[in-house]
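Once you know that position 58 of the sequence shown is 57 in numbering that gives the first Met the number 0, the rest is easy, because the numbers rise by one and skip nothing. Heads up, the beta-carbon is just placed ideally off N, CA and C, and yes, glycines get one too. The structure presented is a predicted model; accordingly, all values stated were derived computationally and were not measured. Just below is one structure, and these are the notes that go with it.
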Amino acid sequence: MVPMDFLRQTKLLSFGYFIVHLVSLTIAQPPDFLSFRCQNDVGNYTTNSNFDRNLRSLLSSLDLNTQIDRGFYNISVGQPGPEQVNAIALCRGDVDVNECRSCIGIAVGKILQVCPNQKEAIVFYIKCMLRYSNRSIFGVMEDRPPSHLYNRYNITDVDQFNRALLTLARRLRSTAASGNSLRKFATGTELIAGFRTLFGLVQCTPDLSKQQCDNCLAGAFQEIAVCCGGKQGAIIITPSCNIRFEVYPFFGDTPATLQSPTLPSPKAPSAPPPPPADGKKSNKARTTIIIVVPTGVVILIFCICIFLKIQKAKEAVQTVDEIITAESLQFDFGTIRAATDNFSEENKLGQGGFGSVYKGTLSNGQEVAVKRLSKDSGQGDLEFKNEVVLVAKLQHRNLVRLQGFCLQGIERLLIYEFVPNASLDHFIFSKATS
Numbered sequence: 000m001v002p003m004d005f006l007r008q009t010k011l012l013s014f015g016y017f018i019v020h021l022v023s024l025t026i027a028q029p030p031d032f033l034s035f036r037c038q039n040d041v042g043n044y045t046t047n048s049n050f051d052r053n054l055r056s057l058l059s060s061l062d063l064n065t066q067i068d069r070g071f072y073n074i075s076v077g078q079p080g081p082e083q084v085n086a087i088a089l090c091r092g093d094v095d096v097n098e099c100r101s102c103i104g105i106a107v108g109k110i111l112q113v114c115p116n117q118k119e120a121i122v123f124y125i126k127c128m129l130r131y132s133n134r135s136i137f138g139v140m141e142d143r144p145p146s147h148l149y150n151r152y153n154i155t156d157v158d159q160f161n162r163a164l165l166t167l168a169r170r171l172r173s174t175a176a177s178g179n180s181l182r183k184f185a186t187g188t189e190l191i192a193g194f195r196t197l198f199g200l201v202q203c204t205p206d207l208s209k210q211q212c213d214n215c216l217a218g219a220f221q222e223i224a225v226c227c228g229g230k231q232g233a234i235i236i237t238p239s240c241n242i243r244f245e246v247y248p249f250f251g252d253t254p255a256t257l258q259s260p261t262l263p264s265p266k267a268p269s270a271p272p273p274p275p276a277d278g279k280k281s282n283k284a285r286t287t288i289i290i291v292v293p294t295g296v297v298i299l300i301f302c303i304c305i306f307l308k309i310q311k312a313k314e315a316v317q318t319v320d321e322i323i324t325a326e327s328l329q330f331d332f333g334t335i336r337a338a339t340d341n342f343s344e345e346n347k348l349g350q351g352g353f354g355s356v357y358k359g360t361l362s363n364g365q366e367v368a369v370k371r372l373s374k375d376s377g378q379g380d381l382e383f384k385n386e387v388v389l390v391a392k393l394q395h396r397n398l399v400r401l402q403g404f405c406l407q408g409i410e411r412l413l414i415y416e417f418v419p420n421a422s423l424d425h426f427i428f429s430k431a432t433s
């Protein structure tokens, strides 16, 4: 019979190996990839062309990591003209230098992988962004094309949440837009009805003017009403600015090395600590630390694993079982055109980077809100249908319901139920709060 002590030691060693392996995997994970855009309408380049050589020279200089020391870097390679390459690299304002360099280095390889021969491209990560083009992009505010991601969980009190978000958005926009040529970045919090905290982050590329940054962020916040109303969090990213809000903390302290080109004055050296009075006590304290700290780490990780397992089980119980097909949600284009009076200006509710929103009335008298997506969104038919089915499955009693979609030629429409002032548009488009 195998002794029980041996079995316990074997299990402990196995668990220890698992923890070490888990930590090593966590350390090795690349930064979270968000989105990319390849601008096919700008044109392509061929291998070994002047543009190809200029682009690879530029990206190699970024990958050396020695120039990226303040979170923002812009560079041009080549003679002015169609073969010149202009690039912008931007790290999130709370990221330290090493994380910034690592993220940009990964983005360099990614942008060549996802956009292998386009003359204009952009990749977004959680902590950095990299874009290049054969046209001038410095000091130019561009809020198109936008991309968004959102938290799958819904808020319970829409009005209170939106009031807090509007207050936080105004404050962060003003702070970021007033930044300097090295950083236009702001983070902050706002209480939701006095018992929950909303966390927000905004950032512009520092080459923008104060007004350009403010306009870009205003447009990004308007996108929330179209894409992410009723969600606990969202990320809106554009070439010139990005925003994020969540009900949990997701940003860190702003690194001091990125705040100003002037280095802080050195602090006066502190007095060295007195030597231990007793060598035996020192050794005993050291032994206690060696035992207690690893044990505490193992217990903490074990508790986290249990918590995640419980959360996963709760999510499984809440999974929606009904199956929704794209065909069952599709509207006829002529029906929607008639409902909106041929998309007349009188029926227009608002406009954002993704497109315009119109009020319409169906033949049965039902009022709907029709989102007419931008024709240059670059989204394929299958990708569009899959997104519609996904949104339909995520409906909630506190959200404006998705009724269906319309897909004809280059026209892409999303049809929602019309509920006046039921979502964030109450605070963005309503004159009562302006």
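- Query: Is the beta carbon of C215 less than 8 Å from the beta carbon of T237?
  - Reply: Contact flag set, yes.
- Task: Taking the CB atoms as reference points, tell me whether C203 and C212 lie closer together than 8 Å.
- Result: Yes, the pair counts as a contact, with Cβ atoms nearer than the cut-off.
- Tell me, to the nearest whole angstrom, how far the beta carbon of N85 is from that of S135; I am working on the premise that it is less than 8 Å. About 6 Å separates the two Cβ atoms, so the contact holds.
- P248 to D156 span [Cα, whole Å]: In this structure, the straight-line span from the alpha carbon of P248 to that of D156 is close to 20 Å.
- Between which two residues does the alpha helix (DSSP H) containing L361 stretch? Where L361 is concerned, there is no enclosing alpha helix (DSSP H), given that its DSSP letter is neither H nor E.
- Item | Spatial distance of I103 from E366 (CA atoms) | Cα-Cα distance, rounded: 48 Å.
- Message: Assuming contact is defined by CB atoms lying nearer than 8 Å, are A175 and K183 in contact in what I supplied?
- Response: In this structure, the beta-carbon distance from A175 to K183 falls below 8 Å.
- Query: Quick one: is Q78 buried, meaning 16 or more other Cβ sit within 10 Å of its Cβ, or exposed?
  - Reply: The C-beta of Q78 has fewer than 16 other C-beta atoms within 10 Å across all chains shown, which makes the residue exposed.
- Message: Out of P205, D31, I409 and G42, which one is the CA nearest neighbour of K126?
- Response: The option with the nearest alpha carbon to K126 is D31.
- Span separating the alpha-carbon of D158 from that of L348: D158 and L348 have their C-alpha atoms spaced approximately 19 Å apart.
- Query: Which term fits G333, buried or exposed, when burial requires 16 or more other beta carbons within 10 angstroms of its beta carbon?
  - Reply: Its Cβ having fewer than 16 others within 10 Å, G333 is exposed.
- Message: I'd like the list of long-range same chain contacts for V94, defined as Cβ closer than 6 Å, with 5 residues on each side in sequence excluded.
- Response: In the same chain as V94, and ignoring 5 residues on each side of it, the C-beta atoms closer than 6 Å to its own belong to K126, in chain order.
- Between L164 and F244, which are expected to be in contact by the criterion C-beta below 8 Å, what is the C-beta distance as a whole number of angstroms? Contact flag correct, Cβ pair sits at about 6 Å.
- Task: Return helix, strand or coil for L129, following the three-state DSSP convention.
- Result: Strand.
- Simplified DSSP assignment, three categories, for T432: Bear in mind that a pLDDT of 36 at T432, under 50, signals an unreliable position, so the number given afterwards is only what the model happens to contain. Three-state DSSP puts T432 in a helix.
- Go to V418, then tell me how far its beta strand (DSSP E) extends in each direction, as first and last residue. Neither: V418 is in no beta strand (DSSP E) and is coded neither H nor E.
- For L413, the three-state DSSP class (helix, strand or coil): L413: strand per DSSP, three-state reduction.
- Message: Just to check my reading of the structure: A217 and R170 have Cβ atoms closer than 8 Å, yes? What is that Cβ distance to the nearest angstrom?
- Response: In fact, because the Cβ distance is near 13 Å, the residues do not count as touching under 8 Å.
- In the DSSP assignment, what are the bridge partners of K308? BP columns for K308 are empty, so no partner.
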